[in-house]
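Novice:
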Amino acid sequence: MTSTLVTIPGYSIIEQLYDGARTRVYRGRCESSQKPIVIKLLKSEYPSFNELMQFRNQYTIAKNLDLPGLVKPIALVNYHNGFALVMEDIGGVSLKDWGERRQAGFSEASQPPITPSLSEFFNIAIQVTQTLEGLFKNRIIHKDIKPQNILINPETKAVKVIDFSISSLLPKQNQEIQNPNVLEGTLAYMSPEQTGRMNRGIDYRTDFYSLGVTFYELLTGQLPFQSTDPMELVHCHIARIPTAPIQLVPSIPVMVNDIVMKLMAKTAEERYQTAFGLRYDLELCRQQWQDTGRIRQFTLGERDICDRFVIPEKLYGREAEVATLLAAFDRVAGREDAEIEESQIELMLVAGFSGIGKTAVVNEVHKPIVRQRGYFIKGKFDQFKRDIPFSAWVQAFQNLIRQLLTESTTTLVQWKAKILEALGENGQVMIDVIPELELLIGQQPPVPELDGSAAQNRFNLLFRKFIRVFTTKEHPLVIFLDDLQWADSASLKLMQLLMGEASGRYLLLIGAYRDNEVNPTHPLMLTLDEIRKAEGTVNQITLAPLNTLSLNCLIADTLNCSPERAVPLTELVQQKTKGNPFFSNQFLKSLHEDGLITFAPPESSLSKGGWQCDIATVRALALTEDVVEFMAVQLQKLPIHTQNVLKLAACIGNQFDLATLAIVDEKSPEETALNLWKALQERLIL
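For the sequence shown, my numbering begins at 442 and goes up steadily by one.
See below:
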């Protein structure tokens, strides 16, 4: 339909193509060149800062790329309080619309979905894969691959990828746990790690998962997981294996089925590692299909050798510890298959040296929490902020309130009623500590001022009542308190009071601490003794350094070689790092950065290429056994302006925001962010 509401100087609008929740898309013409164009606008009259940044992002990223598989942006112009993105018009429609139009062109709705022919599928799949190949070479993660973001020209069958609004130029990102309704991306196509509940960072392989879901839908006419419940969808992505496409459409060749299932593997390490390797397999399938009308079986990924140095994030040698932690969650959640069906409060301690992997083990509890619809919140004590009482507790519950504020209006009303019932007229006491709470329960009347122990006792009582609001069979609560060796006395006392509650249920407290930094008279140890004397349930996992076998598996997976070939480097890494996982990972990264681990490209079409290590030079390296000293050396390799801004960030604390850092840095937020960029790329900050 023709729109009379949109007027942009220099462009004439012909028709509206799309009207979504956040954007509208129009087809038009450039008045100066008379070339056809497409214009995308934000619908909101007053877009948020984040919406404006995302809109600018899709223009900035795409305009610097010269890839045939992308729709080229022409201009980003101001429109009302936002922007209008002007792009070339390829005469395309989204794969989603293309599929629906094909379906409408056939007879009654009772017929099964009309899917593309195998030849059409190969044409689309190979073109999209080629585009991803170009994006990955430019170190770009798309993060929202789906049929709506892939255009096809119905006449020429040219295929192009669009929408870089949430794309990233970082090699890896971490996704904070959020309500599924506000996650970046499209939940139906989202990789497990992109949900924030997989204990994994997000890298380019997230796009392979989303591509796998897209291929699945193209081939079968339906999504692999069709729930309309966001939390159910998250659980499906991270834990459930979808019905194989071949079971829905038996005519799909086995190898095509297997390619799709490989793309949709739950962990990034099990998917394709390169777009080239995927394209090679797709082209082999297409060639055989064209030549013989059938596809013989072959080994997938024969040419899937990645030239990008990636250390796997899966846990090695921690199976028993993870099993112990998951069993503890099952007990507090009151699961019928747990050892104890009656739920109770439990404290699980995770002890070990700095860098031993305590946080990584704790984060494995995300999967069952999603299954049980529970909440996971965390706080971290700071060595230099011990004078601030309850700091980690407050961090944790600030995180929980932010999660709740993204719920539906109906759910928010329910939470508000429960919290007000628990706190009575003392809500302001909690708001003073957790200011975000006021957004949920509104302004509260002032409370009488109390002195000393009376104020402390009132706060402890209210905090315990507040916590009980969130611990139910419908949604058990896990609170992770990190670096307990630096906890203040008030925080330890609150932990002791919680563990002493006879009626407490559906709460798992996880506390991580460095056991080499405490002794029997340390406040933490004394508090734990008191909890045990009161018959509180306290269990402990103590993490040891990785043994040679586990370290060998990690290095073999990193170098994509056999365990036998990785033995010489394993022995050296074990000798230099004593099996400390963080130290080992950093040491391997430094070897790669210093050119001692290199990738040898294939010498011919028959050669795979692979990773090589200069063992003799590595053996001669003089390396400190102190992790802090080693990291200091790595930091000194950064540009001086990055080092300087990191020093200022460290003065703020282990968490900081850009606005505060820019003020301290006495520079604009843009300049400060630019100086931080190298540290972000190196994952020294997340």
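All C-beta atoms, glycine included, are put in the ideal place defined by N, C-alpha and C. Computed from a predicted structure; not experimentally measured.
1. Let me know if D892 comes out buried or exposed under the rule of 16 or more other beta-carbons within 10 Å of its beta-carbon.
2. With DSSP collapsed to three states, give me the class of R827.
3. Under the three-state reduction of DSSP, which class applies to L610: helix, strand or coil?
4. Output the distance between the C-alpha atoms of A629 and Q667, rounded to the nearest integer angstrom.
5. Roughly how many whole angstroms lie between the Cα atoms of D1106 and A1120?
6. How do the segment 834 to 854 and the segment 946 to 958 stand: do at least 3 beta-carbon pairs fall below 8 Å, yes or no?
7. Do you know whose CA, among A685, K476, R727, A706, lies nearest Q568's CA?
8. Where does K481 fall in DSSP's three states?
9. What residue range is occupied by the uninterrupted beta strand (DSSP E) comprising C1054?
10. For N898, does the count of other Cβ atoms within 10 angstroms reach 16, so buried, or fall short, so exposed?
11. Using the Cβ count rule (16 or more neighbours within 10 Å means buried), how would you classify W1118?
12. When DSSP labels each residue in this structure, what does G952 get in the three-state scheme?
13. Given a threshold of 16 other Cβ atoms within 10 Å of its Cβ, counted over all protein chains shown, does A1090 qualify as buried or as exposed?
14. Could you give the first and the last residue of the continuous alpha helix (DSSP H) run that contains S795?
15. Are K857 and L841 close, meaning C-beta to C-beta below 7 Å?
16. Within a Cβ cutoff of 8 Å, which residues of the same chain sit near S1109, ignoring the five residues on either side of it in sequence?
17. Q635 and T647: beta carbons closer than 7 Å?
18. Taking all protein chains shown into account, decide if E1111 is buried (16 or more other Cβ within 10 angstroms of its Cβ) or exposed.
19. Please confirm whether H807 and R638 have their CB atoms less than 7 Å apart.
20. When the Cα atoms are used, what is the spatial distance from Q435 to V910?
21. Ignoring anything shorter than 4 residues or poking outside the segment 686 to 768, list the alpha helix (DSSP H) runs there in chain order.
22. With distances taken between CB atoms, is the gap from L903 to V870 smaller than 7 Å?
23. CB M672 to CB R814, shorter than 7 Å?
24. Taking the continuous beta strand (DSSP E) assigned at C1002, which residues delimit it?
25. Could you give the distance in angstroms between the alpha-carbon of E549 and the alpha-carbon of G540?
26. Taking only beta-carbon positions, decide if G575 is within less than 7 Å of chain D.
27. Would G718 and D745 be called neighbours here (beta carbons separated by less than 7 Å)?
28. E437 and I872: beta carbons closer than 7 Å?
29. Under the assumption that I586 contacts V600 (Cβ atoms under 8 Å), give the Cβ distance between them as a whole number of angstroms.
30. Spell out the partners DSSP gives T464 in its beta bridges.
31. Please state the DSSP three-state secondary structure of S1045.
32. Pull up the distance between the alpha-carbon of A768 and that of E866, whole angstroms please.
33. Pull up the CB-CB distance for V811 and V803, whole angstroms please, since I reckon it's below 8 Å.
34. Quick check on DSSP: helix, strand or coil for Y645?
35. When the Cα of E492 is compared with those of H583, P514, A503, S606, which residue comes out closest?
36. Any heavy atom of the ligand GDP closer than 6 Å to the Cβ of A985?
Specialist: According to the data block:
1. On the sequence shown, position 451 is the one that residue 892 refers to. The residue is exposed, with fewer than 16 neighbouring Cβ atoms inside 10 Å.
2. Taking the sequence shown and counting its residues from 1, one reaches residue 827 at position 386. If DSSP states are grouped into helix, strand and coil, R827 belongs with coil.
3. Locating residue 610 in the sequence shown gives position 169, where the first residue counts as 1. Coil, per DSSP.
4. For this step, residue 629 is matched to residue 188 along the sequence shown. For this step, residue 667 is matched to residue 226 along the sequence shown. For A629 and Q667, the distance between alpha carbons rounds to 8 Å.
5. Within the sequence shown, the letter at position 665 stands for residue 1106. Within the sequence shown, the letter at position 679 stands for residue 1120. Each residue's Cα considered, the two are about 16 Å apart.
6. When Cβ pairs closer than 8 Å are counted between the two stretches, the segment 834 to 854 is seen not to touch the segment 946 to 958, the count staying below three.
7. For the purposes of this step, residue 568 is identified with residue 127 of the sequence shown, where counting begins at 1. The option with the nearest alpha carbon to Q568 is R727.
8. Position 40 of the sequence shown, counted from the first residue, corresponds to residue 481. K481: strand per DSSP, three-state reduction.
9. If you number the sequence shown from 1, residue 1054 lands on position 613. Taken as a continuous stretch (DSSP letters only), the beta strand (DSSP E) holding C1054 covers 1051 to 1054.
10. The sequence position of residue 898 within the sequence shown is 457, counting from 1. Classification for N898: exposed.
11. By 1-based counting over the sequence shown, the position of residue 1118 is 677. It counts as exposed.
12. For the purposes of this step, residue 952 is taken as the residue at position 511 of the sequence shown. Secondary structure at G952: strand, using DSSP grouped into helix, strand and coil.
13. Numbered from its first residue, the sequence shown carries residue 1090 at position 649. Burial call: buried.
14. For the purposes of this step, residue 795 is taken as the residue at position 354 of the sequence shown. It is not in any alpha helix (DSSP H) - S795 carries neither H nor E in the DSSP assignment.
15. Looking up residue 857 in the sequence shown gives position 416. Looking up residue 841 in the sequence shown gives position 400. Not in contact: K857 and L841 (Cβ atoms no closer than 7 Å).
16. Locating residue 1109 in the sequence shown gives position 668, counting from the first residue. These residues qualify, in order along the chain: A1103.
17. To locate residue 635, count along the sequence shown from 1; it is residue 194. To locate residue 647, count along the sequence shown from 1; it is residue 206. Judged by their CB atoms, Q635 and T647 are nearer to each other than the 7 Å cut-off.
18. Numbered from 1 along the sequence shown, position 670 holds the residue referred to as residue 1111. The residue in question, E1111, is exposed, as its Cβ has fewer than 16 Cβ neighbours within 10 Å.
19. Within the sequence shown, the letter at position 366 stands for residue 807. Within the sequence shown, the letter at position 197 stands for residue 638. In this structure, R638 lies closer than 7 Å to H807 by Cβ.
20. Shown here, the chain extends from 442 to 1127; a query on residue 435 therefore has no answer.
21. 686 to 689, 695 to 704, 716 to 733
22. Residue numbering aside, residue 903 sits at position 462 when the sequence shown is read from its first letter. Residue numbering aside, residue 870 sits at position 429 when the sequence shown is read from its first letter. Yes.
23. For the purposes of this step, residue 672 is taken as residue 231 along the sequence shown, with counting starting at 1. For the purposes of this step, residue 814 is taken as residue 373 along the sequence shown, with counting starting at 1. Against a cut-off of 7 Å, the Cβ pair of R814 and M672 comes out as a contact.
24. Numbered from 1 along the sequence shown, position 561 holds the residue referred to as residue 1002. No beta strand (DSSP E) holds C1002; DSSP gives it neither H nor E.
25. On the sequence shown, position 108 is the one that residue 549 refers to. On the sequence shown, position 99 is the one that residue 540 refers to. The predicted position of E549 is uncertain, since its pLDDT is 49 and thus under 50; no value can be drawn from it.
26. Going by chain labels, chain D is absent from the structure shown, which holds only one protein chain.
27. Mapped onto the sequence shown, residue 718 falls at position 277. Mapped onto the sequence shown, residue 745 falls at position 304. Cβ distance < 7 Å, so G718 and D745 count as in contact.
28. Here the chain comprises residues numbered 442 to 1127, so residue 437 is not present and cannot be evaluated.
29. Here residue 586 refers to the residue found at position 145 when the sequence shown is read from its first residue. Here residue 600 refers to the residue found at position 159 when the sequence shown is read from its first residue. That pair is no contact at about 12 Å.
30. Residue mapping note: residue 464 aligns to position 23 of the sequence shown, counting from 1. Paired residue(s): L483.
31. As a working mapping, residue 1045 is identified with position 604 in the sequence shown. A caution first: S1045 carries a pLDDT of 49, below 50, which makes its placement in the model too unreliable to give a value.
32. Looking up residue 768 in the sequence shown gives position 327. Looking up residue 866 in the sequence shown gives position 425. In a straight line, the C-alpha of A768 is about 39 Å away from that of E866.
33. Here residue 811 corresponds to residue number 370 of the sequence shown, with the count starting at 1. Here residue 803 corresponds to residue number 362 of the sequence shown, with the count starting at 1. 15 Å between Cβ atoms; not a contact.
34. Here residue 645 refers to the residue found at position 204 when the sequence shown is read from its first residue. Three-state result, Y645: coil.
35. As a first step, residue 492 must be located in the sequence shown, where it is residue number 51. Here the closest residue by C-alpha is S606.
36. You won't find the ligand GDP in this model; it holds no ligand whatsoever.
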